[in-house]
Structure formats: C-alpha cells, structure tokens
Amino acid sequence: MKFIIAIIKPFKLDEVREALGSIGVAGMTVTEVKGFGRQKGQTEIYRGAEYSTNMLPKVKLEIAASDEIAAQVVETIQQTASTGSIGDGKIFMLDLASATRIRTGEAGETAL
1 MKFIIAIIKP FKLDEVREAL GSIGVAGMTV TEVKGFGRQK GQTEIYRGAE
51 YSTNMLPKVK LEIAASDEIA AQVVETIQQT ASTGSIGDGK IFMLDLASAT
101 RIRTGEAGET AL
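Encoded structure:
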C-alpha cells in the first residue's frame, strides 16, 4: 500500500477529485494549508496598503491507495492539477505499513 500526499492549488481541487473518482479512488482527506516553495509568496493590496505574504494558500490531499493503482493516482493528480505555471504543487508517495478500518476492524488493503 502507498500513502500519497499532494499539495495543489485550491481551484484545482474539484477537478482533481473528479478525476481520482473516475479511476477508482474511494476516499481522501483534504486540508487547507499554507506554504511556499519557488513561488516565494505574493504581494497583495489591502485597504490601500501593499503587503507581502510569504505563505500561499494550497490544498493538501492525503490518499491511501493499493500498490496496483498508486502510480495511476500520482499520474492523474499530476496531469489534472497542472497549469504549467510555477506553484502547481508537489506529490509525495510513501510506503504505508498498515491501515485499519475503525468500524469493522478490517486491516490491510480491504480497509481502504
């Protein structure tokens, strides 16, 4: 099993969620986060004053996937979330040692 973490632009969330659903991803956790990378923040004007923000709003997706579809999940996120501009985000894939469904006690891939 794999644990996939993706940081994407917020306006791409619905499109990515629909694309992942179409390949069989049954669930994910979504968190609103802030961060920066090469994009280095942005300048905003608020009440006539210019402010520099070094943390940009992003969305973090966390997905537990079977080994069979993990590569397809990463590819789907990459293709769907890409705008071709700086700040599109990152995808990380980690080994997932175990998963347990709390309600039934199912373990392993059946818990996904």
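The numbers in the UniProt record's numbering rise by one with no breaks, and the one at position 80 of the sequence shown is 80.
The beta-carbon is built from N, C-alpha and C at its ideal position, and this holds for glycine as well.
Just so it is clear, the structure is predicted and the values come from calculations on it, not from any experiment.
**OP:** Using a Cβ-Cβ cut-off of 8 Å, state whether Arg-103 counts as contacting chain C.
**Re:** The structure shown has no chain C; it contains just one protein chain.
Original post:
For the putative contact between Met-1 and Ala-71, defined by C-beta atoms under 8 Å, what is the C-beta separation to the nearest angstrom?
Top reply: With a Cβ gap of about 13 Å, Met-1 and Ala-71 do not count as contacting.
Original post:
In terms of alpha-carbon separation, which member of Arg-47, Lys-90, Ala-111 lies closest to Leu-61?
Top reply: Lys-90
Original post:
Would you call the CB atoms of Val-16 and Val-73 closer than 8 Å?
Top reply: no
Original post:
Helix or strand or just coil, what does DSSP make of Ala-111?
Top reply: For Ala-111, the three-state secondary structure derived from DSSP is helix.
Original post:
Could you give the uninterrupted runs of the beta strand (DSSP E) lying entirely in the segment 39–103, keeping only those of 3 residues or more?
Top reply: 42–46, 49–53, 56–65, 89–95
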